[in-house]
Amino acid sequence: MKLKSIALLFVGTLSTLALVVSLALITITNALHHSSANLLSSTQSIVAVEELETSLHVHSRESLLWTITGDAVHLANRHKAREDLTKWFEESHLHIGSEDEGTLIKIAEDAVNQYFDVQNQLEKSNASLNDIATGIADEADEAIRRLQQVTDLNLEQSKELIRQSKRTDSLATLMGAVVVVLVLVSIPTIIWLLRRMIYRPVLEIANSLRSFRKHRVAGQPTSGAVELKAISTELSDMTSELTKQSQTQIRYLSAVAHDLRNPIAAIIMSTDLTLVEYGSEIPDDAKELLELIQRQSVHLERMVSDLLDTTRAESGDLELKKSLCDLNSLIKGCVDLFSCYSRSHTVVFECGTSLLLEIDPTRLTQVMNNLISNAIKYSPYGGQITVSVLQGRTEAVVSVRDSGIGISVEDQETIFEPFRRASATKDTIPGVGLGLFTAKKIVMAHGGTIEVHSRVREGSTFEVHLPLSQRAHGSATPFDVKLTAAQETSDRRSHGHLPGIRADQATLDSRTENLL
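Under the working numbering, the first residue of the sequence shown is numbered 1, with each subsequent residue one higher.
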């Protein structure tokens with residue numbers, strides 16, 4: 001289904017409901033208005049007929065009294081009653097609600113006129129008073145009976161109007177209930193349709209993009225509007241193309257890195273041999289240039305190694321050579337390596353007794369060297385670097401905490417991506433942004449995770465979580481190993497950090513970024 005069809009369905013449903021409600025309201029309103037008008041007309045007609053009856057009673061009574069007494073007051077009252085009869089007949093004609101009512105009013109009016117005719121005839125004749133009274137009474141009763149028929153008809157019509165109003169009210173209640181049911185059914189149906197056809201596919205596309213960003217794997221929604229499926233298909237094709245391009249770039253970078261390692265190794269070896277074999281014969285200026293070449297070559301070798309590790313991690317070829325190692329001893333070796341690295345930094349090591357894990361010592365050393373060197377590098381004003389090892393029930397946690405410049409929340413989301421660095425320091429602190437990416441891949445290859453907790457200008461803490469193996473043992477009673485200035489010189493010598501003597505590869509990898 002297309003988005004246009006969904007929109008039309010949504011608008012059409014709401015419009016239909018609104019139209020039904022409007023028509024129902026108009027119909028019910030008109031019916032109630034008609035019933036009210038007819039009921040009012042019947043009421044006014046009944047009032048008029050009652051006034052006619054009253055006036056007729058007054059006229060017949062005053063006529064009889066005038067005949068008996070001859071008093072002019074009774075004659076005046078009779079004339080007044082005659083005028084009232086004329087007026088109320090005119091009023092009753094204004095409120096005729098049906099043909100039957102009009103017929104009955106005409107009959108009643110004829111009966112009243114007949115009453116007047118009989119009265120005149122009796123008064124002009126020489127009939128006795130008793131005959132006059134009897135004749136007037138009979139004709140008046142007949143006229144009143146006719147008027148009562150009009151009243152009865154209006155009462156019956158009023159009752160019917162009341163019954164119609166009740167039926168209309170019941171119909172209105174029923175229609176209101178039907179509309180409520182339709183609304184209650186339509187709204188969840190529309191919401192379900194919008195969720196199924198729009199919201200869920202959009203959410204799947206967003207999750208697919210996030211998944212592609214993290215794992216280079218993108219899915220495609222199985223349902224949804226035609227336009228969203230088309231967008232998803234385009235995104236899927238684009239991500240597939242990006243994945244192919246990325247794999248091509250990885251293969252290219254891997255080949256370049258392999259090709260660069262041999263000439264770099266030759267340069268480093270040549271400078272080492274030259275400094276060792278001919279160091280005493282080389283002038284000081286030339287020796288300084290050779291040492292500069294050596295340092296820069298080691299730095300370049302480190303960059304090439306990181307690049308090679310990155311390509312291996314991206315392609316899934318990162319191999320681990322695991323063995324049962326004491327994690328505390330391995331971490332302590334890394335701390336010792338950096339203990340004399342900077343006189344403005346103090347490295348503190350906290351751990352327990354031995355903790356055996358199935359790990360690749362070379363790779364994990366690479367991770368720790370990167371984290372500790374970063375802690376020093378991003379603490380330009382010095383301070384304490386705390387490295388600790390804690391043992392939990394199912395994992396070991398290695399943390400590196402500094403009190404440096406910290407990392408913003410926005411940068412924390414991207415610093416583990418390749419070639420991504422903190423925006424605040426990428427122009428002032430050297431680096432290419434591969435160390436943390438490689439470290440994360442190595443830790444993930446061990447089945448662990450790496451996390452960062454940081455606040456700007458308050459420092460950062462990187463935590464490496466490694467699962468415990470079945471053969472892991474040892475307690476986690478913490479103690480501090482604080483490296484003093486006196487240890488720095490002996491540690492530097494023990495690790496081969498004297499001019500002209502090349503240290504082991506792990507040492508060089510940890511030092512080269514800050515040698516300049």
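Built from N, CA and C at the ideal position, the CB exists for glycine as well.
Note that the structure is predicted; figures quoted are calculated from it, not measured.
Query                                                                                                               : Result
Helix, strand or coil at F416 [DSSP, three-state]                                                                   : coil
Within 7 Å, strictly: CB atoms of I144 and Q119                                                                     : no
Contact belief for L308 with N328 at Cβ below 8 Å, rounded distance in angstroms                                    : Actually they are not in contact, since the Cβ atoms of L308 and N328 sit about 29 Å apart, beyond 8 Å.
Identity of the residue in V387, L253, P201 nearest I231 by Cα                                                      : P201
Any 3 or more C-beta pairs closer than 8 Å across the segment 121 to 131 and the segment 168 to 176                 : no
7 Å CB neighbourhood of T449 in its chain, flanking five on each side removed                                       : V443, H465
Inter-residue Cα distance where the pair is I162 and S42                                                            : 12 Å
Residue span of the alpha helix (DSSP H) that contains T54, given as start and end                                  : 3 to 69
Length of the line joining the Cα atoms of L104 and V20                                                             : 42 Å
H465 - containing beta strand (DSSP E), residue span                                                                : 459 to 467
Whole-angstrom distance between L75 and I68, CA atom to CA atom                                                     : 11 Å
Inter-residue Cα distance where the pair is A472 and H446                                                           : With a pLDDT of 48 at A472, under the threshold of 50, the predicted position of this residue should be treated as unreliable, and no value is reported.
Length at least 3, wholly inside the segment 311 to 356: the beta strand (DSSP E) runs in chain order               : 323 to 326, 345 to 351
C-beta atoms of V400 and F462 nearer than 7 Å                                                                       : yes
Where L290 falls: helix, strand or coil (DSSP)                                                                      : helix
Three-pair Cβ contact test at 8 Å for the segment 76 to 96 versus the segment 56 to 65                              : yes
Assigned secondary structure, S125 (DSSP; H/G/I helix, E/B strand, else coil)                                       : coil
T248, DSSP secondary structure in three states                                                                      : helix
Coil, strand or helix - S494 by DSSP                                                                                : Unreliable positioning characterises S494 in this predicted model, as indicated by a pLDDT of 32, which lies under 50. The coordinate reading is nonetheless provided below. S494: helix per DSSP, three-state reduction.
Classification of V185 by the beta-carbon crowding that lies within 10 angstroms, buried from 16 upward             : exposed
Runs of alpha helix (DSSP H) lying entirely within the segment 161 to 228, each at least 4 residues, in chain order : 200 to 215
Straight-line Cα distance separating E458 from G406                                                                 : 6 Å
Member of L65, L94, H93 whose CA lies at the smallest distance from the CA of N130                                  : L65
Identity of the residue in E109, S246, I372 nearest V347 by Cα                                                      : I372
Contact under 7 Å by Cβ, T311 with Q294                                                                             : no
L436 vs I415 beta-carbon contact at 7 Å                                                                             : yes
Host alpha helix (DSSP H) of E395 (start-end)                                                                       : Note, E395: premise wrong, no alpha helix (DSSP H); beta strand (DSSP E) at 395 to 401.
Contact set for I268: own chain, Cβ-Cβ below 6 Å, skip 5 residues either direction                                  : S297
Closer than 6 Å: S403 CB and nearest the ligand GTP heavy atom                                                      : The model on display carries no ligand, and the ligand GTP is accordingly not part of it.
Helix, strand or coil at T386 according to DSSP, with G and I counted as helix                                      : strand
Counted within 10 angstroms of its Cβ, other Cβ atoms place M197 as buried (16 or more) or exposed                  : buried
I26 burial status per 10 Å Cβ neighbour count (16 or more: buried)                                                  : exposed
Y378 versus G404 - alpha carbon distance                                                                            : 6 Å
Contact under 7 Å by Cβ, V73 with A108                                                                              : no
Backbone CA spacing between S339 and H345 [nearest angstrom]                                                        : 8 Å
Proximal residues to K2 (C-beta, below 7 Å), its chain only, five neighbours per side dropped                       : A225, V226, E227
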